[in-house]
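Colleague:
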Amino acid sequence: MAEQKSSTPWVIICVFTISLSLGLYFTFAAVQGDFGILRRAEINHDIQKLQAELTSLNIEIADLKNLTRRLSDHYLDLELLDQQARDILGYVRSDELVIQ
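Going by numbering that gives the first Met the number 0, the residue at position 62 of the sequence shown is 61; the numbering climbs one at a time, nothing skipped.
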């Protein structure tokens, strides 16, 4: 019986050490693991950044669709056509004065 009393503290120490180690491991995994709190915060930040980029790209697409529609055969915007001819082709009317 004296031997069982001396081995009991070792069993308690081993169980406590294993429990503490498992608790620390799972706490570390919950904070810094692949699905942990820090990774989730990083993912949320990436989501916000990508949503802002998506919004800006949608605005750019809408602008380009508007320009395309304005230059189409069915809807011809003469001011836009004049602006494009001046910018790209260097078009100048005969009654205009060009200063360089």
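The beta carbon of each residue, even a glycine, is placed where N, CA and C say it ideally should be.
Only a predicted model underlies this, so the values are computations on that prediction, with no experimental measurement involved.
Over what stretch of residues does the alpha helix (DSSP H) that includes H44 continue unbroken?
Modeller: I36 to R69
Colleague: Roughly how many whole angstroms lie between the Cα atoms of Q82 and A61?
Modeller: C-alpha separation (whole angstroms): 20 Å.
Colleague: Say yes only if the C-beta of R92 is nearer than 7 Å to one or more non-hydrogen atoms of the ligand FMN, and no if none qualify.
Modeller: Looking at this structure, you won't find the ligand FMN or any other ligand, since it has none at all.
Colleague: Answer yes or no: do R85 and D76 have a C-beta to C-beta separation smaller than 8 Å?
Modeller: no
Colleague: Expressed to the nearest angstrom, what Euclidean distance is found between the alpha-carbon atoms of I17 and I42?
Modeller: 33 Å
Colleague: Is DSSP giving R85 helix, strand or coil here?
Modeller: helix
Colleague: Hey, how far is the Cα of A1 from the Cα of L37?
Modeller: With a pLDDT of only 48 at A1, under 50, the local geometry of the prediction cannot be trusted, and no value is derived from it.
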